[in-house]
Every structure is written in structure tokens, then in C-alpha cells.
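Position 68, counted from 1, in the sequence shown is what the UniProt record's numbering calls 68; the numbers after and before it change by one each time, with no gaps. The C-beta atom is built at its ideal place from N, Cα and C for all residues, glycine as well. Just so you know, these numbers come straight off a predicted model, no measurement behind them. A quick write-up on the structure given underneath.
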Amino acid sequence: MLKQHLSGNALDWYIQSVNSAHFSESEPMTFTDALCALHRCFVTTSNAQRATVAFDAVGPEGFAEMLIKRANQMAHIPGEFVLNQRFLAGIPQPIRYKLRVDRQMTAEYTPLETLRTNA
Numbered sequence: 001m002l003k004q005h006l007s008g009n010a011l012d013w014y015i016q017s018v019n020s021a022h023f024s025e026s027e028p029m030t031f032t033d034a035l036c037a038l039h040r041c042f043v044t045t046s047n048a049q050r051a052t053v054a055f056d057a058v059g060p061e062g063f064a065e066m067l068i069k070r071a072n073q074m075a076h077i078p079g080e081f082v083l084n085q086r087f088l089a090g091i092p093q094p095i096r097y098k099l100r101v102d103r104q105m106t107a108e109y110t111p112l113e114t115l116r117t118n119a
């Protein structure tokens, strides 16, 4: 079952290490064992750390860009108020607090560009 969902180097590894006639004498590998072995071989600590750093680096500006990109792909593009609401709901609470309380910006009356700039 696992083999159907693999490709490239992971599939080659699976065929050589798990599904090989060479290992037919020994006890077959369980699904969980095969998955853990795949993780050890192909998901390195540096790859996981790189993904975490990239995720953390997005920030409010990147989040706003993603919202606009996704909105433009929709059949019915949401209005600015809906985008503003989603933007404010998706940013971290301390930033949202700074915008709403300290700078008195709201989804109703503040353009998205102004929210982005001040976040």
C-alpha cells in the first residue's frame, strides 16, 4: 500500500530496502516501521528546520500577499472588508492589538494596504 504513494528516490529506496526479495527470508517490515525508516532517510533535521525558518519568515506582509493571491483565484473575489477581516484574524494577536487599539484601525474603515504597512 505504501509503495503506491512513493516516487523518485523514496520509491527506489522502498523497492531496495522493503520490497526486495533479498529480505524475504527475514520478518517483513510493518507499515509503521517502513514509514519511520523513510522519515529517517529522507526527512533530515536541516530540511525540517529550513521549512520552519521559511514559515516563520513570512510575517504579515507575506500573509497579506497570500490572501490576495488566493482571493484572486476565487470565482467570486471577496471585497476589501472581507479581506481586511481575514487579515486581522490571521495575524498574531500582539500585532492585531497594536493595529486595533493603539492605532485605532478597523477592517471596516482601514484599507488593506494601510493595515499591511502598519503591521
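Segment limits, alpha helix (DSSP H) that includes residue i
i: Q93; result: Q93 to Y97
i: K3; result: Careful: K3 lies outside any alpha helix (DSSP H) and carries neither H nor E.
i: N84; result: E80 to G90
i: A37; result: F31 to F42
Any chain D beta carbon closer than 8 Å to residue i
i: V58; result: Protein chain content of the structure displayed is limited to a single chain, and chain D is not contained in it.
Backbone CA spacing between residue i and residue j [nearest angstrom]
i: H10; j: A57; result: Correcting the residue identity first, residue 10 is Ala in this sequence and not His. Answer to the nearest angstrom: the Cα atoms are 29 Å apart.
i: G59; j: G90; result: 10 Å
i: M1; j: F63; result: 37 Å
i: F87; j: V101; result: 16 Å
Local Cβ density within 10 Å of residue i, reported as buried at 16 or more and exposed below that
i: N47; result: exposed
i: K77; result: It is Ile, not Lys, that sits at residue 77 in the sequence shown. Exposed is the call here.
i: F81; result: exposed
i: A51; result: exposed
i: F31; result: exposed
i: Y14; result: buried
i: A54; result: exposed
Residue i (DSSP reduced to helix, strand or coil)
i: N72; result: helix
i: R103; result: coil
i: E108; result: coil
i: P60; result: helix
i: E113; result: helix
i: A119; result: coil
i: E65; result: helix
i: residue 198; result: A question about residue 198 goes unanswered here, because the residues of the chain that appear run from 1 up to 119.
i: I15; result: helix
message: Three Cβ pairs or more, each shorter than 8 Å: is that satisfied between the region 25-41 and the region 68-76?
response: Counting C-beta pairs with one atom in each stretch, the region 25-41 and the region 68-76 have fewer than three that are closer than 8 Å, which means they do not touch.
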